[in-house]
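A.B. asks: One structure follows; several queries about it will come next.
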Amino acid sequence: MIYLVHRVPGRCRFKVTGLRSDPSKAAMFREALADVPTAQVEARPRADSVIVTFDPKIVRGEAVLAAIAEQGLIAPSPPVPTASPRGLVTALGSAVGHAVVAAVVKGGAERSVTGVIRRLRKR
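One point on numbering: in my numbering, the residue at position 31 of the sequence shown is 177, and numbering is uninterrupted.
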C-alpha cells in the first residue's frame with residue numbers, strides 16, 4: 147500500500163508499505179517521475195518512506211502527484227480544503243481570551259493567598 151503522508155511546496159512524503167523489506171520499490175517512483183523536471187526521489191527504507199523533492203517554481207505538486215498516479219502507484223486524491231481565515235481568527239481569539247482569563251484568575255488567587263498570609267502574620 148502506498149499513500150501520501152504530507153505535501154508542502156517542493157516536497158511530498160509517501161508511506162510505502164514493505165519498502166524496508168524491498169527497497170527496490172523506490173525505483174517505481176523514479177520511473178514514474180523520470181519526465182518530471184527537477185524531481186528527486188529519496189528512499190528511506192527504515193521508515194517505509196519515499197520523499198520526493200522538486201523545485202516548486204518549475205513544477206507544481208499536482209504534477210508530481212499526477213505522474214505518480216498515472217503509474218498506478220496512488221489514486222489521485224481531491225484537493226484538501228484549507229481552513230478559512232475567519233475560522234483561524236476565531237480560534238486565535240478564543241485561545242487569547244482563555245489565556246487572559248486564566249492569568250486574571252491566577253493573579254487574583256495569588257493576591258488572595260498573599261492577603262490571607264499577611265493577615266495571619268499580623269495576629
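The beta-carbon is built from N, C-alpha and C at its ideal position, and this holds for glycine as well.
Please list the terminal residues of the continuous beta strand (DSSP E) segment that includes V273.
C.D. replies: Nothing can be reported for residue 273, as the shown portion of the chain is limited to 147 through 269.
A.B. asks: Rounded to whole angstroms, what's the CA-CA distance from A209 to A237? Just pull it up for me.
C.D. replies: Each residue's alpha carbon lies about 33 Å from the other.
A.B. asks: Under 6 Å Cβ to Cβ from P183, same chain only, skipping five residues before and after it: list those, please.
C.D. replies: The residues are I204, V205.
A.B. asks: Give the DSSP-derived three-state secondary structure of L165 in the structure shown.
C.D. replies: Of the three classes helix, strand and coil, the one that applies to L165 here is coil, per DSSP.
A.B. asks: What does the alpha-carbon distance come out to for the pair G207 and L150?
C.D. replies: Going from the Cα of G207 to the Cα of L150 covers about 12 Å.
A.B. asks: In this structure, how does DSSP classify L150 when only helix, strand and coil are distinguished?
C.D. replies: Correct three-state label for L150: strand.
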